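Heads up, the thing below is written out as structure tokens.
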Amino acid sequence: MRRSRASPDCHPSSYPQTLGSGHVLKMTSERSDTADTATLAVPNEPKAIDDAQARLVASLERFEYPKASLFAIRLSLHEAMSNAFLHGHRNLPGVPVSLEFEVDPDHVVITVQDQGEGFDPASVPDPTLDENIERGCGRGLLLIRAYMTSAEYNRKGNSLRMTYARPPRAR
Amino acid sequence: MPSPDSRIRVKRLDSVTQVEFVDRNILDEANIQMIGDEIAALVDAVPSPKLVISFANVEHLSSAALGTLITINNRIRGRSGQLRLSHIDPQIYEVFAITRLNKLFQIHETTDEAVKSFS
Chain E
4 MRRSRASPDC HPSSYPQTLG SGHVLKMTSE RSDTADTATL AVPNEPKAID DAQARLVASL
64 ERFEYPKASL FAIRLSLHEA MSNAFLHGHR NLPGVPVSLE FEVDPDHVVI TVQDQGEGFD
124 PASVPDPTLD ENIERGCGRG LLLIRAYMTS AEYNRKGNSL RMTYARPPRA R
Chain C
25 MPSPDSRIRV KRLDSVTQVE FVDRNILDEA NIQMIGDEIA ALVDAVPSPK LVISFANVEH
85 LSSAALGTLI TINNRIRGRS GQLRLSHIDP QIYEVFAITR LNKLFQIHET TDEAVKSFS
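These protein sequence lines map, in sequence, to chains E and C.
As numbered in our numbering, residues 4 to 174 make up the first sequence, in order.
As numbered in our numbering, residues 25 to 143 make up the second sequence, in order.
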């Protein structure tokens with residue numbers, strides 16, 4: 004049975020980050036003239052998370068994505084990774100989250116997968132409704148859906164695939 | 025005396041407390057928790073607190089930071105105080121608009137305007 008992540012303690016007072024080497028484990032990485040791809044294992048450590056984000060941003064910059072795209076994609080990646088660690092790995096603090104991305108001149112595809120039990124995204128209350136507006140949580144997925152072109156969980160609810168289509172270039 | 029590890033800069037002008045962030049990115053959960061604790065201490069230090077939080081240096085902001093702002097707002101209201109936000113650049117403002125929190129918070133262009141708005 005899939006559980007709900009919409010618990011009131013979505014931002015627990017003791018965030019279970021560990022202080023380790025801060026290294027991202029690079030599983031695979033390819034760079035061609037037309038695309039960058041990478042598969043990374045990211046431990047729940049601030050340095051490692053920053054490093055993973057920096058790798059994706061470097062690929063976006065390589066293909067000269069505009070600033071607004073960088074903002075949108077970086078925020079979405081941060082929210083997806085936060086959800087994976089905070090909820091998916093709530094009871095798996097030492098386990099890394101898997102991050103895969105592919106960047107080409109027109110599209111970005113990012114998959115963040117945790118090893119948790121999964122959840123039902125429909126169970127997250129709409130944080131924009133008046134009755135929920137003062138809830139402290141539930142906005143990460145809303146932001147991802149607003150900024151990315153698509154965002155879909157797998158059936159189990161432990162893997163989020165996000166896509167972003169580059170906005171038309173100014174002539 | 026502020027702690028050397030403090031993630032905020034604080035200025036007091038008459039009855040108003042002005043807060044600015046040290047970091048450009050308000051993303052990291054542990055960092056956000058520290059910011060929330062520091063601002064909570066400022067709120068609890070005076071009766072009916074009047075607080076302006078400036079986002080002048082902020083380039084990135086996560087949903088966890090929004091959650092902490094809501095907690096701070098509730099704490100201030102619980103002490104019959106008032107909160108204003110200022111200097112939010114258009115990209116960050118969009119995050120407030122998407123989440124509809126631009127309706128919950130009183131947002132002003134500048135800190136001066138925010139200070140003048142207190143009743």
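Glycine is no exception: its CB is placed at the ideal position from the N, C-alpha and C atoms.
Given the structure is predicted, the values throughout are model-derived calculations rather than measurements.
Identify, in the order they occur along the chain, each residue of the same chain with its Cβ nearer than 7 angstroms to the Cβ of residue 125 of chain C, setting aside the five sequence neighbours on each side.
Hits under 7 angstroms: 90.
Taking residue 124 of chain C as the query, report the chain E residues whose CB atoms sit under 7 angstroms from its CB, ordered along the chain.
Correct list: 131, 136.
Exposed or buried, what is residue 86 of chain C when buried is set at 16 or more other beta-carbons lying within 10 Å of its beta-carbon?
The residue is buried, with at least 16 neighbouring Cβ atoms inside 10 Å.
How would you list, in chain order, the residues of chain C whose beta-carbon sits under 7 angstroms from the beta-carbon of residue 55 of chain E?
Simply none; closest approach about 13 angstroms.
To which residues of the same chain is residue 85 of chain E closer than 7 angstroms at the C-beta, ignoring the five residues directly before and after it?
Excluding positions up to five away in sequence, the list reads 143.
Looking only at its chain, what residues have a beta carbon closer than 8 angstroms to the beta carbon of residue 37 of chain E, apart from the 5 residues adjacent to it on each side?
Closer than 8 angstroms at Cβ, skipping near neighbours: 107, 108.
Run through chain C and tell me which residues come within less than 7 angstroms of residue 81 of chain E, C-beta to C-beta.
Those within 7 angstroms of residue 81 of chain E in chain C are 51, 86.
Counting contacts by CB-CB distance shorter than 8 angstroms, is residue 139 of chain E in contact with chain C?
Closer than 8 angstroms to some Cβ of chain C, the Cβ of residue 139 of chain E qualifies, so yes.
For the alpha helix (DSSP H) that contains residue 81 of chain E, what are its first and last residues?
Unbroken alpha helix (DSSP H) run through residue 81 of chain E: 70 to 86.
Excluding the 5 residues flanking residue 79 of chain C on each side, which residues of the same chain have their C-beta closer than 8 angstroms to its C-beta?
Hits under 8 angstroms: 45, 85, 109, 110, 111, 112, 113, 116.
So, under 8 angstroms CB-CB, residue 170 of chain E and residue 79 of chain E are touching, yes? Tell me the CB distance rounded to an integer number of Å.
The Cβ separation is near 15 angstroms, so there is no contact.
Taking Cβ to Cβ, would you say residue 51 of chain E is nearer than 8 angstroms to residue 26 of chain E?
Yes.
Residue 31 of chain E: buried (16+ other C-beta within 10 angstroms of its C-beta) or exposed?
Classification for residue 31 of chain E: exposed.
In this structure, how does DSSP classify residue 151 of chain E when only helix, strand and coil are distinguished?
Here residue 151 of chain E sits in coil by DSSP.
With H, G and I counted as helix, E and B as strand and the rest as coil, what does DSSP make of residue 118 of chain E?
Residue state, collapsed to three classes: coil.
Would you decide whether residue 67 of chain E is buried or exposed? Buried here means 16 or more other CB atoms lie within 10 Å of its CB.
Classification for residue 67 of chain E: exposed.
Which of helix, strand or coil does DSSP assign to residue 52 of chain E?
Residue 52 of chain E: helix per DSSP, three-state reduction.
What residues in the stretch 102 to 136 of chain C have a beta carbon less than 8 angstroms from any beta carbon of chain E?
Residues passing the 8 angstroms Cβ filter: 115, 119, 122, 123, 124, 125, 127, 128.
Candidates E:110, E:165, E:57: which alpha carbon is nearest residue 147 of chain E's?
Of E:110, E:165, E:57, the residue nearest in Cα terms is E:165.
Does the beta carbon of residue 77 of chain E sit closer than 8 angstroms to a beta carbon anywhere in chain C?
Yes, contact with chain C.
Which word fits residue 172 of chain E, buried or exposed, when buried means at least 16 other C-beta atoms lie within 10 angstroms of its C-beta?
Label assigned to residue 172 of chain E: exposed.
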